[in-house]
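Numbering (the working numbering), first residue to last: 6 to 149.
Backbone N, C-alpha and C define an ideal beta-carbon position, used for all residues, glycine too.
Heads up, the thing below is written out as structure tokens.
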Amino acid sequence: MYGFSLAKREKALKFAAAIFNLISKFMRKHLFLLLFALSLSMGANASHKIPFVTGIIDDMPGGNGHAKSPMRPPVVYIEDYTLSFVADHPDYILNIKDEDGEVVYSTTVFSAMTQVTLPSTLSGDYEIELLMGNWKFTGFITLG
């Protein structure tokens with residue numbers, strides 16, 4: 006047909022498939038190493054999610070006698086001194102407490118806000134508290 010016998014075409018196809026498999030293995034290995042290196046390099050300054058514990062401020066008796074539904078904690082990320090909130094969150098009162106439990110910084114985080122920058126004068130380990138109605142969300146952050 007094109008000057009090649011069927012055996013030569015099959016041999017050429019097998020050779021091409023072997024080369025393709027070799028290149029695929031090589032690329033997968035190097036792509037993994039590249040992604041791993043990128044993830045390590047981003048780790049130093051990347052923001053991370055603050056884990057919160059949910060609590061009730063005033064658990065007054067009453068109601069209909071049914072257990073309260075668990076409240077989903079807020080999703081907040083921290084990078085350096087900047088707190089980032091996901092969109093469509095409720096209004097919160099933000100308190101930053103030192104190791105003695107004293108409030109060293111407090112502000113209102115309105116629902117339209119997606120970022121709050123904490124004072125750069127804060128340095129060390131702090132408790133972060135978000136208040137919303139009768140709900141309290143507590144986590145820990147390190148600044149500085």
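Could you check the C-alpha separation between Thr112 and Asp105 for me, to the nearest Å? 19 Å
Could you round the C-beta distance between Tyr131 and Asp103 to whole angstroms and report it? I think they count as a contact, below 8 Å. 6 Å
Suppose contacts are defined by Cβ-Cβ distances below 7 Å. Is Pro78 in contact with Thr59 by that definition? yes
Please report how far the alpha carbon of Lys54 lies from the alpha carbon of Phe142, in whole angstroms. 14 Å
Cβ-based burial, Ile101 [other Cβ within 10 Å; buried from 16]: buried
Does DSSP put Gly48 in a helix, in a strand, or in coil? Caution is warranted here: a pLDDT of 48 is assigned to Gly48, below 50, making its placement in the model unreliable, and no coordinate value can be reported.
Quick check on Met6: does DSSP put it in helix, strand or coil? Note on Met6: pLDDT 47, under 50, position unreliable in the model; the coordinate value appears next. Met6: coil per DSSP, three-state reduction.
Since Leu127 contacts Val114 with CB under 8 Å, what's their CB separation in whole angstroms? 17 Å between Cβ atoms; not a contact.
Extent of the continuous beta strand (DSSP E) to which Asn100 belongs: 97-102
Do Val121 and Leu88 have their C-beta atoms within less than 7 Å of each other? yes
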